[in-house]
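J.: Just add 347 to the spot in the sequence shown (first one is 1) and you have this note's numbering.
Glycine included, every Cβ here is placed at the ideal spot set by N, Cα and C.
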Amino acid sequence: MSFVRFSLYATLLLMAGSWGFLLLGGDSNLGDLFQSQTWSHAGSFLGQLLGLGSDRPPIYLQGSEWAEKFRLAYRTLAMSVLAIGIAGAGAMLTLLPGARNVSNGELGGRPSRFGSLVYYLVRLIYTFTRAVPELVWALIVVFFFSGGVLAGAIALGVHNFGGV
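(1) Any idea if Met426 is buried or exposed, counting beta-carbon neighbours within 10 angstroms, 16 or more meaning buried?
(2) Using the Cα positions of Ala357 and Ala363, report the straight-line distance between them to the nearest angstrom.
(3) Label Ala436 either buried or exposed according to how many other C-beta atoms from any shown protein chain fall within 10 Å of its C-beta, with 16 as the threshold for buried.
(4) Taking the alpha-carbon positions, what's the Ala478 to Gly394 distance?
(5) Given this structure, state the Cα-to-Cα distance separating Gly398 from Ser383, to the nearest angstrom.
(6) Note down, in chain order, each residue of its chain lying with its Cβ closer than 8 Å to the Cβ of Val496, except the 5 sequence neighbours on either side.
(7) So what's Phe381 in DSSP terms, helix, strand or just coil?
(8) Roughly how far, in whole angstroms, is the beta-carbon of Glu481 from the beta-carbon of Ala502, given that I think they are within contact range, below 8 Å?
(9) With DSSP run on the structure shown, which of helix, strand or coil describes Val505?
(10) Can you tell me whether Ala438 sits near the ligand NAP, meaning its C-beta is under 7 Å from at least one heavy atom of the ligand?
(11) Under a Cβ-count criterion, where at least 16 other Cβ atoms within 10 Å of its own Cβ denotes burial, should Ser450 be classed as buried or exposed?
(12) Spatial neighbours of Val488 within its chain, please: C-beta separation below 6 Å, excluding the five flanking residues on both sides.
(13) Check Met362 in the structure and name its three-state DSSP category.
(14) For Leu454, which residues of its own chain have a beta-carbon under 8 Å away from its beta-carbon, when the five flanking residues on both sides are left out?
(15) Cutting at 6 Å between CB atoms, please list the residues of its own chain near Leu510, excluding the five before and the five after it.
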């Protein structure tokens, strides 16, 4: 049996086992799909979505709601662009010390322990900033700043700095 065929059979077996565990396991709640209460909640949700049983029009027909969501989407876009700038600026500052061939002297310099130390320190910072999730960075940044676009941009920028 070739490696590819073995991998295919093993993958199919794992997929079947995973689905079996999910569907037949005690905590899958597959039986809840067939209860009348589930379908009642689904009907209620769709009714509220369409504005049935309410004196107000549905949310998606209200212009003020669209304006508010557009404003929030604009703030999200601004935060993302600012985060890209923060991550890019950090990457530009650490680009050369984080490159192995520059730090160890392969590009014309002499190998030095200081260059190797800086290289491993920058790589450690890259790894650390990338390993900590964005939400944790946001909690840390909000502790020092108030919440908002700047705090979110700094948190995203610091996290993505390690992945640039």
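T.: This is what the structure gives:
(1) Under this definition Met426 is a buried residue.
(2) 10 Å
(3) exposed
(4) 43 Å
(5) Computed Cα separation, rounded: 22 Å.
(6) The residues are Arg422, Ala425, Met426 and Leu429.
(7) helix
(8) 6 Å
(9) helix
(10) As far as ligands go, the structure on display features none, and thus does not contain the ligand NAP.
(11) By the 10 Å Cβ count, Ser450 comes out buried.
(12) Ala498, Ile501 and Ala502
(13) helix
(14) Close CB contacts of Leu454 within its chain, under the 8 Å cut and outside five residues either way in sequence, are with Asn448 (chain order).
(15) Correcting the residue type first, residue 510 is Gly in the shown sequence and not Leu. The answer, listed in chain order, is Arg477.
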